[in-house]
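Colleague: I have a structure I would like to understand better, so I am pasting it below and will then ask my questions one at a time.
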Amino acid sequence: MELTAERSLEIITEQIEKSRRVVSKDTGEWLFVTGLIAMIMSVIVASANLLSWTPLFHLLWFALPVVIWLVMKYVNRNRVPVPESLVGTLVRKTWYTILAFSLVYVVIATVWNIVLQHYESPEVFLYAGMHITPTILTLLAVAVSITGLILKKRSLVWFGFLSFVILKCGLLSLLLGRLLPPTEFSKLSLIQPCGFIFLFALVGLMLPGLMLKKQK
Amino acid sequence: MAFQPLDPLLHAELRLAVMSLLIADEEAEFPYIKEQTGATAGNLSVQIDKLSSAGYIKVKKTFKGKRPCTICRITAKGQKAFTAYVEALKGYLEIKNKD
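One line per chain: the protein sequences are W and P, in this order.
The numbering of the first sequence is this note's numbering, which starts it at 166 and goes up by one.
The numbering of the second sequence is this note's numbering, which starts it at 92 and goes up by one.
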């Protein structure tokens, strides 16, 4: 069969599109698995905190990256590896940057909050304490939207934006506040971050991940 | 306007598909190229050898654990040839559109 100019162009476009789709699906797999594990983990951490009445089990969050890495290694064990590409590199570097910011913030905020709680009154802590969960989740929501822009998936941009709005509207805090009796408000910190993470993992990670995974 | 000649090495379906894939991805393993192009292993090997002999791609044979692994990467010469091919294609399409 003779190769026409149109057919040549078609082949080039097709292959470049295929490469983008492979990166999209791979990103979808990561988002889905990360979302699912974060949701399960938030249920475990919240339950453990409530049963023990201590916030100690929040430390389990540090194990999250390791669990995700191990599960992804298992999921990808028989797959042909996705090659390096400009689109893939852009997505990866976006997430590395956001995760580096998040990690530095977590360390600084944890140290700051411990010092503040130790030397200052609860009132001072209330306005001067650093809020870890909302800040990290905002950064992650931005990463989801940027990933959507790079992959040319408008729905992913909206999922990132939606998860950000849900986090910021205060509805979850209101609901959790209503669930606990007023005498137990101080215990809100045991479950509130888990509620935020669960919701974000569902809207910002798992659902868009599933959508990218299922694309043709 | 005179037509620019199309590089005969690139003007073949499978070789063009391989080059397009390697333009998008920095480097790719043989099974990935096979999967994306839908070619048979034998045919793909022959075409990769041709592209490699022309200096358009670099083929690295290595091992992944105990399994052999062939990695293809586009060279600067290959990128230049691909760009020239696309430019020549544009010329053909512009003339066709004018007609």
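Using N, Cα and C, we set each Cβ at its ideal position, and we do this for glycine too.
First and last residue of the beta strand (DSSP E) that includes Lys149 (chain P)?
Modeller: Looking at the DSSP string, the run of the beta strand (DSSP E) that includes Lys149 (chain P) is Ile148 to Lys155.
Colleague: Note the first and the last residue of the continuous alpha helix (DSSP H) segment covering Arg319 (chain W).
Modeller: It spans Arg319 to Lys333 - the alpha helix (DSSP H) in which Arg319 (chain W) sits, taken as one unbroken run.
Colleague: Verify whether the separation of the beta carbon atoms of Ala203 (chain W) and Leu229 (chain W) is less than 8 Å.
Modeller: For Ala203 (chain W) and Leu229 (chain W), yes; Cβs fall inside 8 Å.
Colleague: Please classify Leu316 (chain W): is it buried, with 16 or more other beta-carbons within 10 angstroms of its beta-carbon, or exposed?
Modeller: The residue is buried, with at least 16 neighbouring Cβ atoms inside 10 Å.
Colleague: From the beta carbon of Gln380 (chain W), is the nearest beta carbon of chain P less than 8 Å away?
Modeller: For Gln380 (chain W), the answer is no, since every Cβ of chain P falls outside 8 Å of its Cβ.
Colleague: For the candidate residues W:Val231, W:Phe227 and W:Arg242, whose alpha-carbon lies nearest to that of Gly156 (chain P)?
Modeller: Among W:Val231, W:Phe227 and W:Arg242, the Cα nearest to that of Gly156 (chain P) belongs to W:Arg242.
Colleague: Would you identify the three-state DSSP class for Thr169 (chain W), choosing helix, strand or coil?
Modeller: Thr169 (chain W) falls in the coil class under three-state DSSP.
Colleague: Please state the DSSP three-state secondary structure of Asp191 (chain W).
Modeller: Asp191 (chain W) falls in the helix class under three-state DSSP.
Colleague: Can you name, in chain order, every residue of its own chain whose Cβ lies under 8 Å from the Cβ of Leu332 (chain W), other than the five neighbours on each side?
Modeller: If we look at Leu332 (chain W) and ignore the five residues flanking it on each side, its Cβ neighbours are Pro299, Leu302, Thr303, Ala306, Phe361, Leu364 and Phe365.
Colleague: Contact criterion: CB-CB distance below 8 Å. Does Pro122 (chain P) meet it with respect to chain W?
Modeller: It does: the Cβ of Pro122 (chain P) has a partner Cβ on chain W nearer than 8 Å.
Colleague: With distances taken Cα to Cα, identify the nearest neighbour of Val208 (chain W) among W:Phe222, W:Gly193 and W:Trp195.
Modeller: Looking at the Cα atoms, W:Phe222 is the closest of the given residues.
Colleague: With a threshold of 8 Å, are at least 3 pairs of Cβ atoms found where one atom belongs to the region 93–102 of chain P and the other to the region 141–157 of chain P?
Modeller: Yes: at least three Cβ pairs fall under 8 Å.
Colleague: So what does Glu120 (chain P) bridge to, in DSSP terms?
Modeller: Answer by DSSP bridge pairing, in chain order: P:Ile162.
Colleague: Establish whether the CB of Ser143 (chain P) and some CB of chain B are separated by less than 8 Å.
Modeller: Looking for chain B here will not work: the only protein chains present are W and P.
Colleague: List the residues of chain P whose Cβ lies closer than 7 Å to the Cβ of Ser250 (chain W), in chain order.
Modeller: Neighbours of Ser250 (chain W) on chain P, chain order: Ala115, Asp116 and Glu117.
Colleague: For a contact defined as C-beta to C-beta under 8 Å, what are the partners of Ala366 (chain W) on chain P?
Modeller: Per Cβ cutoff of 8 Å: no residues; Ala366 (chain W) is ~30 Å from chain P at best.
Colleague: Report the residue from P:Asp116, P:Arg106, P:Ala172 and P:Glu118 whose alpha carbon sits nearest the alpha carbon of Gly129 (chain P).
Modeller: Nearest of P:Asp116, P:Arg106, P:Ala172 and P:Glu118 to Gly129 (chain P), Cα basis: P:Arg106.
Colleague: Taking the alpha carbon of Lys125 (chain P) as the point to measure from, which residue in P:Pro96, P:Ile162 and P:Gly182 has its own alpha carbon closest?
Modeller: Comparing Cα-Cα distances from Lys125 (chain P) to each of P:Pro96, P:Ile162 and P:Gly182, the minimum goes to P:Ile162.
Colleague: Decide if Gly374 (chain W) is buried, meaning its Cβ has at least 16 other Cβ atoms within 10 Å, or exposed.
Modeller: That one is buried.
Colleague: With DSSP run on the structure shown, which of helix, strand or coil describes Ser184 (chain W)?
Modeller: Looking at Ser184 (chain W) - three-state DSSP - the assignment turns out to be helix.
Colleague: Check whether the region 108–123 of chain P and the region 250–264 of chain W are in contact - that is, three or more C-beta pairs closer than 8 Å.
Modeller: Yes, since at least three Cβ pairs between the region 108–123 of chain P and the region 250–264 of chain W fall closer than 8 Å, the two stretches touch.
Colleague: So, does the CB of Glu104 (chain P) fall closer than 8 Å to a CB anywhere in chain W?
Modeller: True, the Cβ-Cβ gap to chain W drops below 8 Å.
Colleague: Using the beta-carbon of each residue, which ones in chain P are nearer than 8 Å to Val245 (chain W)?
Modeller: Glu120, Pro122, Tyr123 and Glu126, listed in chain order.
Colleague: If we call anything under 8 Å between Cβ atoms a contact, is Val210 (chain W) one with Cys359 (chain W)?
Modeller: For Val210 (chain W) and Cys359 (chain W), yes; Cβs fall inside 8 Å.
Colleague: With distance defined between alpha-carbon atoms, name the residue in W:Thr262, W:Gly294 and W:Val187 nearest to Met273 (chain W).
Modeller: The sequence shown places Ile at residue 273 (chain W), not Met. Of W:Thr262, W:Gly294 and W:Val187, the residue nearest in Cα terms is W:Gly294.
Colleague: Using the beta-carbon of each residue, which ones in chain W are nearer than 7 Å to Tyr183 (chain P)?
Modeller: Residues of chain W passing the Cβ test: Ala170.
Colleague: For a test of the three-state rule: what should DSSP assign to Ser286 (chain W), helix, strand or coil?
Modeller: Note: Ser286 (chain W) maps to coil in three-state DSSP.
Colleague: Assuming Ala369 (chain W) contacts Gly325 (chain W) under a Cβ cut-off of 8 Å, what Cβ separation, rounded to an integer in Å, is found between them?
Modeller: Before going further, note that residue 369 (chain W) is Gly rather than Ala in the sequence given. Between Gly325 (chain W) and Gly369 (chain W) the Cβ distance is about 6 Å, and since that is below 8 Å, they are a contact.
Colleague: Quick check on the burial criterion: 16 or more other C-beta atoms within 10 angstroms. Buried or exposed for Val137 (chain P)?
Modeller: Looking at its Cβ environment, which holds fewer than 16 other Cβ atoms inside 10 Å, Val137 (chain P) is exposed.
Colleague: Roughly how many angstroms separate the alpha carbons of Leu180 (chain P) and Met110 (chain P), rounded to a whole number?
Modeller: Near 15 Å, if we compare the C-alpha coordinates of Met110 (chain P) and Leu180 (chain P).
Colleague: For Lys168 (chain P), which option in P:Ala108, P:Ile148, P:Gln95 and P:Leu113 has the closest C-alpha, if you only look at C-alpha atoms?
Modeller: Checking every option, the nearest Cα to that of Lys168 (chain P) belongs to P:Ile148.
Colleague: Please report the straight-line C-alpha distance between Leu377 (chain W) and Lys171 (chain P), rounded to a whole angstrom.
Modeller: Distance between the alpha carbons of Leu377 (chain W) and Lys171 (chain P): 34 Å.
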